[in-house]
Amino acid sequence: MAITSIQTITVPVSDQDRALAFYRDALGFEVRADNPFGSMRWLTVGPVGGETEIVLHLALPGLEAGSSGGIVLATDDIDAACAALADAGATCSSPETVL
69 MAITSIQTIT VPVSDQDRAL AFYRDALGFE VRADNPFGSM RWLTVGPVGG ETEIVLHLAL
129 PGLEAGSSGG IVLATDDIDA ACAALADAGA TCSSPETVL
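Numbering-wise, this note's numbering comes out as the position in the sequence shown, counting from 1, plus 68.
This is the structure:
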């Protein structure tokens, strides 16, 4: 299994505008997406020139603001990666191929 990059990390937040101001203004991250997502808002930021994005998602029940809500990894062989994760005792939920 060869993980090639971390694509997204979800960070639950209590206030998306306040979180955006911190990541954009204090850390200098660029806004990658700021779109309606059903009744919510899909808001991502990342370092200029970097590949990884942080999803600033409103905290849902069971996830406290500031905790880690999920990490999306990239691989060239998703079936082999999921098999290796299962062999290691982890679960691989709903693998998807993004072209």
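Note that beta-carbon positions come from the ideal geometry of N, C-alpha and C, so glycine has one too.
Since this is a predicted model, take the numbers as computed values, not measurements.
Contact check, residue i vs residue j, beta carbons under 8 Å
i      : j      : result
Ala133 : Ala142 : no
Thr72  : Asp144 : yes
Gly114 : Phe97  : yes
Distance between beta carbons of residue j and residue i, contact taken as under 8 Å
i      : j      : result
Glu121 : Arg100 : 5 Å
Three-state class that DSSP yields for residue i in the structure shown
i      : result
Phe90  : helix
Asp102 : strand
Ala70  : coil
Leu126 : strand
Leu95  : coil
Ser142 : Note that residue 142 corresponds to Ala in the displayed sequence, not to Ser. If DSSP states are grouped into helix, strand and coil, Ala142 belongs with the strands.
Sequence-distant residues of the same chain with beta carbon closer than 7 Å to residue i, five excluded per side
i     : result
Ser82 : Ala127, Ala133
Beta-carbon contacts of residue i that lie in its chain and below 6 Å, excluding the five residues immediately before and after
i      : result
Phe105 : none
Thr112 : Arg100, Ala101, Glu121, Val123
Asn103 : Trp110
Residues of its chain near residue i, where Cβ-Cβ distance is below 8 Å and the 5 sequence neighbours each way are ignored
i      : result
Thr159 : Leu153
Tyr91  : Phe97, Val113, Ile122, Leu124
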